[in-house]
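Asker: Residue numbers (our numbering): 21 to 165. Cβ coordinates follow ideal geometry from the N, Cα and C atoms, glycine included. Please read these numbers as outputs of a predicted model, since none were measured by experiment.
1) At the level of alpha carbons, what is the spacing between residue 102 and residue 31?
2) At what residues does the beta strand (DSSP E) containing residue 109 begin and finish?
3) In chain order, what residues of the same chain lie with their CB nearer than 6 Å to the CB of residue 97, ignoring the 5 residues before and after it?
4) Helix, strand or coil: which one does DSSP assign to residue 33?
5) Under three-state DSSP, which class holds residue 148?
6) For the alpha helix (DSSP H) holding residue 57, just list the boundary residues, first then last.
7) Work out the CA separation of residue 66 and residue 74 for me, nearest whole Å.
8) Under 8 Å by Cβ, that's how I've got residue 54 and residue 77 pegged, so tell me the actual separation to the nearest angstrom.
Right, here's the structure in full:
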């Protein structure tokens, strides 16, 4: 049973790799960290990341930084068990990019949930669910509640 759950060292290594992807990649805009943290055969399950691989993750990060150059993504909660890392994230920024209908100048503050599966310390699969509807409401793209 213990071998199936993974060692504490493996879980800590996976959490550290996840933090790098969020801190350096999604917050910092460093696209090269994707190649360092995600496996070559990475499978991306989050809608909007096309193609559904490492290249799609890089394009997703670049899109977010065009939408909101001041974007800050933080890990609010994280846990690991075996080869999986689960996290609750928070993304904040200002819509100043000329996409999604042009810059609104409005701020957004949304949450999201991520699950990553790791192999040898690298992400091989990712499922992400950001609250895009709340983001669109906050940006005035769709009517608020």
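Answerer: Let's see:
1) If you take the alpha carbons of residue 102 and residue 31, they lie about 6 Å apart.
2) Residues 104–114.
3) 108
4) helix
5) strand
6) 52–57
7) 12 Å
8) Approximately 5 Å separates the beta-carbon atoms of residue 54 and residue 77; this is inside 8 Å, confirming the contact.
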